[in-house]
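Student: Sequential numbering of the sequence shown, starting at 21, is according to my numbering.
This is the structure I have questions about; it appears just below.
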Amino acid sequence: MSDEKQPMDKWQKTRRAESIAFQLCDKFNNHDYFSFYCKVALKLPEYRIWQLVEEAQRGHQPARLFSFLCKKAGV
């Protein structure tokens with residue numbers, strides 16, 4: 021069985037979302053929002069999340085701007 025691009029099962033998707041959420045918690049130094057970051061990771065494609073992170077880093081309050089941008093993106 022090859023390990024080519026097979027769709028992720030529910031648990032793989034959850035683990036990946038948690039991994040992204042932990043990275044976001046560390047990046048914004050805000051572990052209180054872990055559940056929100058998990059929701060973001062489950063709803064948005066990963067490339068879009070990192071685009072929003074980049075955009076948020078330019079603001080005065082990156083964590084708040086990131087949350088705003090995510091909600092605007094449909095989270």
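Here a beta-carbon is modelled for each residue, glycine too, at the ideal position from N, C-alpha and C.
These numbers come from a predicted model, not from an experiment.
Under the three-state reduction of DSSP, which class applies to TYR67: helix, strand or coil?
Tutor: The answer is helix: DSSP assigns TYR67 an H, G or I state.
Student: Please report the straight-line C-alpha distance between ASP46 and ASP29, rounded to a whole angstrom.
Tutor: Roughly 26 Å separates the two Cα atoms.
Student: Does the beta-carbon distance from ALA83 to ALA61 come in below 7 Å?
Tutor: No, the pair does not count as a contact, with Cβ atoms beyond the cut-off.
Student: Hey, how far is the Cα of PHE54 from the Cα of ALA41?
Tutor: Straight-line Cα distance between these residues: approximately 6 Å.
Student: Where does VAL95 sit, in a helix, a strand or coil, going by DSSP?
Tutor: Coil at VAL95, not helix or strand.
Student: For PRO82, which three-state DSSP category applies?
Tutor: Note: PRO82 maps to helix in three-state DSSP.
Student: Would you call TYR67 buried or exposed, if buried means 16 or more other Cβ atoms sit within 10 Å of its Cβ?
Tutor: Its Cβ having fewer than 16 others within 10 Å, TYR67 is exposed.
Student: Going straight from the alpha carbon of GLU74 to that of PRO27, what length do you get?
Tutor: Going by the C-alpha atoms only, they are around 27 Å apart.
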